Amino acid sequence: MKRGTRTATRALARKRTRARGYTFGLMQTTTRRIGGWGFEGEVYPPSPQLVEWLERRVGPPGPPLAPGPCQPPQLPARPLPRLASDVSSDSRDRLAHCRGQGLVDVIRLRSGLIPALPDGVCRPADAAAVAAILGECRRAGVRVIPWGGGTSVTGGVNVVADSSPVLILELERMAGMSRLDPVSGLATFSPGTTGPAVEAALAEHRLTLGHFPQSWELSTVGGWVATRSAGQESLGYGRIEDMVAGLELVAPAGRLRLPERPASAAGPDLRQLVLGSEGRFGVITEATLRVRARPATTIVEGALLPGLAAGLDVVRELVVSGAPLTLVRLSDANETQMAMAIGLAASAGASLVRRYLALRGLGEEACLLLYGSSGERACVRDVLLCGRATVRAHRGVVLGARPGRHWLRDRFRHPYLRESLLDLGWATDTLETAAPWSAVAAVREQLVAAIAGALAGGDERVAVLCHVSHPYRDGASLYFTFFFRCAADPEATIARWATVKRAASQALVDAGVTLSHHHGVGQWHAPWFEREAGVLGRRVLATVAADMDPDGTLNPHVLLDPEDRLEV
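Numbering (this note's numbering), first residue to last: 33 to 600.
Spelled out as structure tokens, the structure:
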């Protein structure tokens, strides 16, 4: 593979194998884009209806942030120790590994305002090479950042300018399924295995992991474990921590092997220290995951509810009932209106649909619900009948499978929209949390108010959307998307984003809810982390970090470093 050219899927993942409405091998190229989401040649332009909606809700676009040539800044690489694996100091390779995929990262890469580059990129082939590299870097005072798919949206892989050299530990060579126990339903993967490669390997055995985060095309097994990832069908398949049976972690202090066991009461579960550790305690070199039989079919249906309260009641009742759904997702009225602007408004029967919904009492406060199930066709049909009955019991209107097919088709394309909007002069980003059912509605109101009002002092409007997803018996995730105008200066656009982010983060801790349901802490949530973990909780984790990594070699600025780096 040519140095500096990143590939997110291997030949195995190019097979045209279905994964819940997604077909492997449909991307035009597997060359990763620098300065934007995904693959070169892939675009998701906004519809005229969405442009009109943004102009109405946010205002006319600001100056476009057009993608530039994305040239590396003139930052010479500092010397690195001689390592067991080759180190690339190619300028494009260093540029491609300097930041993650947050909005600030993309703005800096597009505008060339990059404060730091790694001094090299190393691609180990196995756990032994990882251990050797960490040992040499520890002795030489080199910082090491593990790199899977590079899709962090919380500053989790960003290089910080300081006095120590920085090495990126690119894990793409450590990919693939090494063991399969079909009787026990266990599969062991190397950390650099991407989502498509996981599903393609399992499809040959009629199995699935069922883990489909929005970053699925690009993100990796190691990254999922390191950030406590949650897939879009977590209601049925569980979060990544529910799937992890065994782990191997290589740290500067040694190797931690946690064999797969169905259950254990032999003290605290050490796997929980690895899950969510974000590369601070060590490098995940292997994960044994619980897999399942591949379902015969997956069907997602849509419905409209008369308001958010009715929609939340439906979601909670469906979850508490124990119906074997794999997906339930409720959009608030703002997100529903945007969805209709993109979808229903473009259809020939849109006016008839709106008139019918008005007659049914579903006006501006209507909320879109998606609910789906996977399995044998007869079972899926029965589950969907249960969903329809619950919707109708709350005066909702069942829309059938068309909205679900549309969502399944586009769910991995949605992140590409951000780049298209920057081209026009609008910026967009997301954040998420989780709350108990008794607080979901109030938390949504608090966050919407904090985000929408964050730029009021500068006479700028922020449009905020929210959907409730990843439901549990006791609560659910709330996922917020916000839009604002770009400023003339990229640094000013970053400052606008940071103002919104600080307001939202403060609102989260004031509400007593988590800083993140599945994005992780990274550098950008770290200033507020002690408010969630507590002084003693943070001290416990700092003690673990000191034992596993005595010299602070690994990713030292995530999770526990309280410095505010939102604008860096």
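Glycine residues also receive a C-beta, built at the ideal position from the N, C-alpha and C atoms. What you are looking at is a predicted structure, and each value in this text was computed from that prediction instead of being measured.
Whether residue i touches residue j by CB criterion (8 Å)
| i | j | result |
| --- | --- | --- |
| Leu-362 | His-499 | yes |
| Trp-69 | Pro-522 | no |
| Leu-336 | Leu-417 | no |
| Ile-165 | Ser-117 | yes |
| Leu-592 | Arg-570 | yes |
| Leu-302 | Leu-290 | yes |
| Ala-207 | Gly-227 | no |
| Leu-234 | Met-275 | no |
| Leu-281 | Ile-316 | yes |
| Leu-243 | Leu-212 | Correcting the residue identity first, residue 243 is His in this sequence and not Leu. Cβ atoms of His-243 and Leu-212: not closer than 8 Å. |
| Gly-188 | Val-590 | yes |
| Glu-202 | Arg-140 | no |
| Gln-133 | Thr-183 | yes |
| Leu-401 | Val-346 | yes |
| Arg-326 | Thr-220 | no |
| His-502 | Ser-266 | yes |
| Phe-561 | Leu-547 | yes |
| Ala-543 | Gln-478 | yes |
| Gly-91 | Arg-424 | no |
Residue i in three-state terms, based on DSSP
| i | result |
| --- | --- |
| Asp-194 | coil |
| Pro-95 | coil |
| Ala-319 | strand |
| Pro-468 | strand |
| Tyr-76 | coil |
| Arg-287 | strand |
| Arg-528 | helix |
| Ala-277 | strand |
| Thr-575 | helix |
| Ser-353 | helix |
| Cys-6 | The requested residue 6 does not occur in the structure, where the chain is confined to residues 33 to 600. |
| Trp-85 | helix |
| Val-412 | helix |
| Gly-419 | helix |
| Asp-301 | coil |
| Cys-154 | strand |
| Pro-105 | coil |
| Val-119 | strand |
| Asp-125 | helix |
Through-space distance from residue j to residue i, alpha-carbon basis
| i | j | result |
| --- | --- | --- |
| Leu-573 | Ala-565 | 9 Å |
| Ala-262 | Trp-256 | 8 Å |
| Tyr-504 | Ala-484 | 28 Å |
| Val-83 | Val-430 | 28 Å |
| Cys-169 | Pro-113 | 7 Å |
| Ala-482 | Ser-121 | 43 Å |
| Ala-577 | Pro-78 | 44 Å |
| Leu-376 | Leu-456 | The predicted position of Leu-376 is uncertain, since its pLDDT is 49 and thus under 50; no value can be drawn from it. |
| Arg-89 | Asn-366 | 10 Å |
| Leu-149 | Val-138 | 15 Å |
| Val-553 | Ala-535 | 16 Å |
| Asp-151 | Gly-173 | 13 Å |
| Phe-444 | His-549 | 19 Å |
| Gly-334 | Ile-272 | 26 Å |
| Asp-125 | Leu-568 | 40 Å |
| Thr-62 | Glu-204 | 13 Å |
| Leu-305 | Trp-248 | 24 Å |
| Ala-232 | Glu-408 | 21 Å |
| Glu-74 | Gly-144 | 22 Å |
| Thr-259 | Pro-582 | 22 Å |
| Gly-489 | Val-136 | 21 Å |
| Trp-556 | Glu-464 | 13 Å |
Residue i at chain C interface by Cβ criterion, 8 Å
| i | result |
| --- | --- |
| Leu-290 | Here there is only one protein chain, and chain C is not present. |
Cut-off 7 Å between Cβ atoms - residues of its own chain near residue i, not counting five sequence neighbours on either side
| i | result |
| --- | --- |
| Leu-350 | Leu-357, Val-360, Tyr-403, Gly-419 and Thr-422 |
| Ala-519 | Gly-94, Thr-525 and Arg-528 |
| Asp-596 | Pro-559 |
| Ile-331 | Gly-404, Ser-405, Val-412, Leu-416, Ala-433 and Gly-436 |
Chain-order list of residues whose beta-carbon lies under 6 Å from that of residue i (same chain, five-residue window excluded)
| i | result |
| --- | --- |
| Leu-454 | Leu-97 |
| Asp-506 | Pro-468 |
| Ala-159 | Val-282 and Thr-317 |
| Val-191 | Cys-130, Ala-148, Pro-150 and Val-198 |
| Val-176 | Cys-169, Leu-199, Leu-201, Thr-585 and Leu-586 |
| Val-153 | Ser-120, Asp-125, His-129, Ile-200 and Glu-202 |
| Met-580 | Ala-283, Ala-285, Phe-313 and Gly-314 |
| Glu-397 | Gly-339 and Ala-365 |
Nonlocal neighbours in the same chain, by C-beta distance under 8 Å from residue i, ignoring five residues either side
| i | result |
| --- | --- |
| Gly-381 | Confidence is the limiting factor: at Gly-381 the pLDDT is only 46, short of 50, which leaves the residue's position unreliable, though a coordinate-based value still follows. Within the same chain, Gly-381 has no close Cβ partners at all. |
| Val-352 | Arg-505 |
Q) In chain order, which beta strand (DSSP E) runs of at least 3 residues are fully inside the stretch 429-459? A) 429-432
**Q.** Runs of alpha helix (DSSP H) lying entirely within the stretch 553-599, each at least 4 residues, in chain order
**A.** 561-580
Q: Pick out the complete beta strand (DSSP E) segments inside the stretch 216-270, 3 residues or longer, and give them in chain order.
A: 218-221
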